[in-house]
Each structure stands twice: as structure tokens, then as C-alpha cells.
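So the sequence lines, in the order shown, correspond to chains A, B, C, D and E.
Using UniProt numbering, the first residue of the first sequence is number 1, and each one after it goes up by one.
Using UniProt numbering, the first residue of the second sequence is number 1, and each one after it goes up by one.
Using UniProt numbering, the first residue of the third sequence is number 1, and each one after it goes up by one.
Using UniProt numbering, the first residue of the fourth sequence is number 1, and each one after it goes up by one.
Using UniProt numbering, the first residue of the fifth sequence is number 1, and each one after it goes up by one.
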Amino acid sequence: MTIPNLVGAGLIVIGAGIGLGKIGGSAMEGIARQPEATGKIQTAMIIIAALLEGLAFGALFLGK
Amino acid sequence: MTIPNLVGAGLIVIGAGIGLGKIGGSAMEGIARQPEATGKIQTAMIIIAALLEGLAFGALFLGK
Amino acid sequence: MTIPNLVGAGLIVIGAGIGLGKIGGSAMEGIARQPEATGKIQTAMIIIAALLEGLAFGALFLGK
Amino acid sequence: MTIPNLVGAGLIVIGAGIGLGKIGGSAMEGIARQPEATGKIQTAMIIIAALLEGLAFGALFLGK
Amino acid sequence: MTIPNLVGAGLIVIGAGIGLGKIGGSAMEGIARQPEATGKIQTAMIIIAALLEGLAFGALFLGK
Numbered sequence: 001m002t003i004p005n006l007v008g009a010g011l012i013v014i015g016a017g018i019g020l021g022k023i024g025g026s027a028m029e030g031i032a033r034q035p036e037a038t039g040k041i042q043t044a045m046i047i048i049a050a051l052l053e054g055l056a057f058g059a060l061f062l063g064k
Numbered sequence: 001m002t003i004p005n006l007v008g009a010g011l012i013v014i015g016a017g018i019g020l021g022k023i024g025g026s027a028m029e030g031i032a033r034q035p036e037a038t039g040k041i042q043t044a045m046i047i048i049a050a051l052l053e054g055l056a057f058g059a060l061f062l063g064k
Numbered sequence: 001m002t003i004p005n006l007v008g009a010g011l012i013v014i015g016a017g018i019g020l021g022k023i024g025g026s027a028m029e030g031i032a033r034q035p036e037a038t039g040k041i042q043t044a045m046i047i048i049a050a051l052l053e054g055l056a057f058g059a060l061f062l063g064k
Numbered sequence: 001m002t003i004p005n006l007v008g009a010g011l012i013v014i015g016a017g018i019g020l021g022k023i024g025g026s027a028m029e030g031i032a033r034q035p036e037a038t039g040k041i042q043t044a045m046i047i048i049a050a051l052l053e054g055l056a057f058g059a060l061f062l063g064k
Numbered sequence: 001m002t003i004p005n006l007v008g009a010g011l012i013v014i015g016a017g018i019g020l021g022k023i024g025g026s027a028m029e030g031i032a033r034q035p036e037a038t039g040k041i042q043t044a045m046i047i048i049a050a051l052l053e054g055l056a057f058g059a060l061f062l063g064k
């Protein structure tokens, strides 16, 4: 039995999808509730999304 | 037993589907609640969606 | 044991179904709540749906 | 052990069922809440459902 | 049977995605509700996210 590398890559994207989905979803809802806080919400969104994005790409490279 | 690469590609799309679904769904609801904030919501939606889209295509290429 | 490619294609459609379902469902609910925002909601819906649709077809071709 | 192609076809229909079910269900609820927005809701419903339907048939042909 | 390392890396990112998603999502909602507390919320968000990020990278390196 051989499990291709792409299955692992798929699990990485599932993890990033769960996380970025929750981060982005809450950001959208926050902007809709307080449009004047858009800048602050977007800054925080990009910080936390970059952490997860960096980890996902790191895992793609290091996990091979 | 051989698991085809396409199974891994499927997992990648499941991850992107979970994430883009949550991001897009919350964006729709936000626009419906505050139509005048459409521009701000759409900008944030595209930023976070691009991060996930880029990762998914990156995983498709790198994970092979 | 051999798993046919079509199983991977099925996982791709499950991912797209989860995502497009959430996007479309929220769009319907948004239009019902604010019918005058239909244009804005539909534009955002098509942007995010196109990202997921493009990825799903990309995965079908690249993942083989 | 061989997994027949039909299992993959089944997964495709599960994906389409999840998506079309959510899209159609929300459309019904939206029309029930705002009957005068029926036309707008139906247009959006057909756009997003066509995307998923097209992908499902594409996967059936390309995934073989 | 061989399970590639990348599958383990994928599980690491799923864990981090669940955690960072909840952290980031709640941070966005908090900033939207109290925009004047942005600094405090962001500091706490970065502390807790760094802990999870550090663990995930540690696992990637040490788990090999």
C-alpha cells in the first residue's frame, strides 16, 4: 500500500481551511457589525492568517 | 493497494471548500446586514480567500 | 487493492459541494433579507464561487 | 480487492447532494420569507447550482 | 505499507488550524465589539498564537 504525498498535502490544506475559514468568517462578521473598525480587524486578520499560512507552507516543505 | 494522487487532490479541495465556504458565507451575510460596507467586506474576503487559494494550488504542485 | 481515480474525483466534488453549498445558501438568505442588495451579494457570490470552481477543476486536471 | 468506479460516482453525488441541498433549501426558506424576491433568489440559485452541477458532470467524465 | 511523513505534517496543521482559527475568530469578534480594546486583544492573540505556532514547528522538526 502506498499513500501518495498528496494525501498529506491535502490534510495540510484541510487544516488551513478550517483555520482560515474561521478567521476570515469572523473578520467578515466583525466588519459588518462595526464597519469603522475595518482597519483594526483587517490587521489582526492578516497577522493570524499569516501565522497559519506560514505554518502550512513550512509543513509542505519540511514534512516531505 | 494504491491510492491515486487524485485522492490527495480531493482532500485539498475539501479543505478549500470548508474554508472558502465559511469565508464566502460570512461575507454574504455581512453584505446583507450592512450593504453600505460591501467594499470593505469584499476587500477582506478577497485577501483571505487568496491566501487559501494560493496555499491550495501550492499544495497541488509541491505535494506531488 | 486499487482505488479508482473516480474516488478522488468524488472527494473533489464533496469539497466543492460543502463550499458552494455554504456560499450559495448564505447568498439566498442574504437576498431574502435584503432584496435591494441582490446585485452586491451576487457579485461577491460569483467571485468566491469562481475561486472554488477554478480550484476544483485545477485539482481534477493537476491531481491525475 | 478492487473498489469499483461506482463508489467514486457515489461520492460525487454525495458532494452534489450536500451542496445542492443547502443551496435549494436556503432558496426555499428565502422565498417563503420574501415571496416578492422570488425572481432574484431563483436567478442566484440557478447560477450557483449550475456551477456545482457542471463540476459534478466534469468529475464524472474526467475522473475515469 | 508506507505512510509518508507529509501525512503527519498534515495532522499537525489540522491541529494548528483548529486552534488558530478559534483564537483568531474570537479575537476578530472581540475587536468588533470593543474596537478601543484592539491593542490588548491583539497582544493576547499573538501570545497564545505564538505558543501554538511554536509547538507546531517544534513537532515538525522533532517528530521526524
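Just so it is clear, CB atoms sit at the ideal spot from N, CA and C, and this is done for glycine as well.
Just so it is clear, the structure is predicted and the values come from calculations on it, not from any experiment.
What first and last residue would you give for the alpha helix (DSSP H) that runs through residue i?
| i | result |
| --- | --- |
| THR2/C | Neither: THR2/C is in no alpha helix (DSSP H) and is coded neither H nor E. |
| GLY54/A | 38-62 |
Taking 8 Å as the CB-CB cut-off, is residue i touching chain D?
| i | result |
| --- | --- |
| LEU11/C | yes |
| GLY54/C | no |
| GLY58/C | no |
Do we get a CB-CB distance below 8 Å when we pair residue i with the residues of chain E?
| i | result |
| --- | --- |
| ILE41/A | yes |
Residue i CB to nearest chain B CB: under 8 Å?
| i | result |
| --- | --- |
| ILE46/C | no |
| ALA50/C | no |
I want to see whether chain C comes within less than 8 Å of residue i, judged by CB atoms only; does it?
| i | result |
| --- | --- |
| GLY17/B | yes |
| LEU62/B | no |
| ALA37/B | no |
If I'm right that residue i touches residue j with Cβ under 8 Å, what's the distance once you round it to whole angstroms?
| i | j | result |
| --- | --- | --- |
| LEU20/E | LEU51/A | 6 Å |
| ALA9/A | LEU60/A | 6 Å |
| ALA15/A | ALA49/A | The identity of residue 15/A in the sequence shown is Gly, whereas the question assumes Ala. Not really, about 13 Å apart at Cβ, beyond 8 Å. |
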